[in-house]
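Worksheet: the structure to be examined is printed underneath.
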Amino acid sequence: MSSKQTRDHIVDAADQLFYEQGFEHTSFSQIAEAVGISRGNFYYHFKTKDEILDAVINLRLSRTSSMLDNWEVEGETPADRIRSFINILLMNRDKIKRYGCPVGTLCTELAKLNHPSKGNANELFTLFRIWLRRQFELLGRLNDADELAMHLLAFSQGVATLASAFKDEEFIKSEVSRLNEWLASFENTNTIQLEVL
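Positions in the sequence shown are counted from 1; adding 680 to them yields the numbering used here.
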């Protein structure tokens, strides 16, 4: 395995462990064990856990950007693309029930720790916010596109948090259905009401 492949495996393993256990509760040895390398080999690639965290955040930013680019290509209309964002709750419902939202849990943990990388992690939400705002603008909501984007982000985070707390898959399904109805009502009437949610 090349040095780059080993490094990539370390970052992938750390990403998974940070999501499942949290950044603070994940050790060097757990990451090394997950990858199947010695601690010496591990330290060749990363000297500190903060270096790994930065690599994980960059990986997530890259994957999120690619996902949003794919939604742009796959979705014929802005509403179709927004539905892709909404339906990710369903696609990832098993993981969400167990661990919550990967973005929300990391941002919350780093904020509680007052970690220097919390701003970098928040860029994940910023990517979604900018992308959703653009979709709402394309739907004709030039004056309140950012408000709608933040509302949808907040609602989806609430669904993920409560689904994880109660381990309730039916809750995820019903709330995703409500979000899709909310979006459909906007398509049909060209008006959108925040209070519908």
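C-beta atoms are modelled at their ideal positions from N, C-alpha and C, and glycine is treated no differently.
Reference residue i; option with closest CA among the options
i      : options                        : result
Asp692 : Asn772, Lys729, Phe708, Val715 : Val715
Arg778 : Phe816, Leu818, Thr785, Lys847 : Lys847
Leu786 : Gln815, Arg821, Asp824, Arg740 : Arg740
Ala840 : Asp730, Lys775, Gly720         : Lys775
Ala825 : Lys684, Ser718, Ser797, Phe866 : Phe866
Leu748 : Ile852, Lys792, Ile768, Leu733 : Ile768
Asp695 : Ala801, Arg821, Ile852, Ser683 : Ala801
Ala829 : Glu849, Leu859, Ile732, Lys729 : Leu859
Ser735 : Trp862, Glu713, Arg687, Met771 : For clarity, residue 735 is Ala in the given sequence; the question names Ser instead. Considering only alpha carbons, the answer is Arg687.
Ile884 : Ser683, Leu733, Thr728, Tyr699 : Since the displayed the chain opens at 681 and closes at 877, residue 884 lies outside it and no answer follows.
Phe722 : Asp730, Leu733, Ile690         : Ile690
Residue i (DSSP reduced to helix, strand or coil)
i      : result
Ile762 : helix
Ile776 : helix
Cys781 : coil
Ser797 : coil
Val876 : A caution first: Val876 carries a pLDDT of 47, below 50, which makes its placement in the model unreliable, though a value can still be read off. Val876: helix per DSSP, three-state reduction.
Arg743 : helix
Ile768 : helix
Leu754 : This sequence places Glu at residue 754; Leu is not what is there. Note: Glu754 maps to helix in three-state DSSP.
Ser682 : coil
Are three or more beta carbon pairs between the segment 814-834 and the segment 754-764 nearer than 8 Å?
yes
Tell me, please, whether the segment 696-715 touches the segment 756-770 by the rule of three or more beta-carbon pairs shorter than 8 Å.
Taking 8 Å as the limit for Cβ pairs, the verdict is that the segment 756-770 does not touch the segment 696-715.
Unbroken beta strand (DSSP E) runs of length 3 or more, entirely within the segment 700-741: which are they?
If you keep only unbroken beta strand (DSSP E) runs of at least 3 residues inside the segment 700-741, you get nothing at all.
Looking at C-beta atoms only, is the number of pairs between the segment 726-745 and the segment 779-799 that lie closer than 8 Å three or more?
In short, these stretches touch, since the Cβ pair count reaches three.
Please go through the segment 814-873 and give each complete beta strand (DSSP E) segment of 3 or more residues, from N-terminal end onward.
none
Hey, is the segment 799-811 in contact with the segment 824-836, meaning 3+ C-beta pairs nearer than 8 Å?
yes
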